[in-house]
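Enquirer: Residue numbering for the sequence shown follows our numbering, beginning at 68 and increasing consecutively. Supplied in structure tokens, the structure appears directly below.
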Amino acid sequence: MSWSLVKIGDVAPSKPIKNPDIIDEKPVWLLNLDKVESQSGVVTEKVYDLVKSAGSSTHWFDERHVLYSKLRPYLNKVVLPDEQGLATTELVPLCPDGERLDRRYLTYYLRSKYFVNWISDQVAGAKMPRVSMNIFWNHKIPLPPLDE
Numbered sequence: 068m069s070w071s072l073v074k075i076g077d078v079a080p081s082k083p084i085k086n087p088d089i090i091d092e093k094p095v096w097l098l099n100l101d102k103v104e105s106q107s108g109v110v111t112e113k114v115y116d117l118v119k120s121a122g123s124s125t126h127w128f129d130e131r132h133v134l135y136s137k138l139r140p141y142l143n144k145v146v147l148p149d150e151q152g153l154a155t156t157e158l159v160p161l162c163p164d165g166e167r168l169d170r171r172y173l174t175y176y177l178r179s180k181y182f183v184n185w186i187s188d189q190v191a192g193a194k195m196p197r198v199s200m201n202i203f204w205n206h207k208i209p210l211p212p213l214d215e
């Protein structure tokens, strides 16, 4: 039996948290690209600080998300967060539909050599190459049954 092909945007749209449950004076995890290891997505250091120090080019995520770096996709920075935090807007907060797509599978697929090679050919900009998000959202991925 073959798996169906679905657009990433249909099963894992970008959905940052709009109203996070936070206490203003309590430090939160602030994630920038320099703290994400290339190829593995390992977070090399978790930096905690007050929300007000984060700046405006950030968005909220939590353990339901997969964070995908649209900057220099050949560096293959895909993070599977284990807690709530604030990330640079260079990390897109994909929110997989839990009834159709397992976030670990999405992470595996986005880190795959096949996908990284393909998406690396879809960038715009020479100095700071970024993924064309319209192309990204329309890319079709194989969708396995959740029990596999």
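All residues carry an ideal CB built from backbone N, CA and C; glycine is no exception.
1. Could you pull out every residue in the same chain whose Cβ sits closer than 7 Å to the Cβ of Y172, ignoring the five residues on either side in sequence?
2. Any contact of the segment 177-186 with the segment 116-131, i.e. 3+ C-beta pairs under 8 Å?
3. Could you check which residue in S105, T125, E92 has the C-alpha nearest to that of K85?
4. What are the boundary residues of the beta strand (DSSP E) that includes I208?
5. Within this structure, are the beta carbons of T155 and N201 separated by less than 8 Å?
6. Output yes or no for whether 8 Å exceeds the beta carbon distance between H206 and L161.
7. Going by C-alpha distance, which of G165, E104, R139 is nearest D77?
8. Comparing alpha-carbon positions, which option in S69, V198, R167 lies nearest L158?
Expert: Let's see:
1. For the purposes of this step, residue 172 is taken as the residue at position 105 of the sequence shown. Cβ-Cβ distances below 7 Å link Y172 to P211 in the same chain, with the five nearest sequence neighbours on each side left out; the list follows chain order.
2. Flag = no, the segment 177-186 and the segment 116-131 do not touch.
3. Reading the sequence shown from its first residue, position 18 is the one you call residue 85. Considering only alpha carbons, the answer is T125.
4. As a first step, residue 208 is located in the sequence shown; it is residue number 141 there, counting from the start. Element bounds for I208: 207-210.
5. By 1-based counting over the sequence shown, the position of residue 155 is 88. By 1-based counting over the sequence shown, the position of residue 201 is 134. T155 places its beta carbon 8 Å or farther from that of N201.
6. Position 139 of the sequence shown, counted from the first residue, corresponds to residue 206. Position 94 of the sequence shown, counted from the first residue, corresponds to residue 161. Contact flag unset, no.
7. Here residue 77 is taken as the residue at index 10 of the sequence shown, counted from 1. Selected option, being the one with the closest Cα: G165.
8. Translated into positions along the sequence shown, residue 158 becomes position 91. Comparing Cα-Cα distances from L158 to each of S69, V198, R167, the minimum goes to V198.
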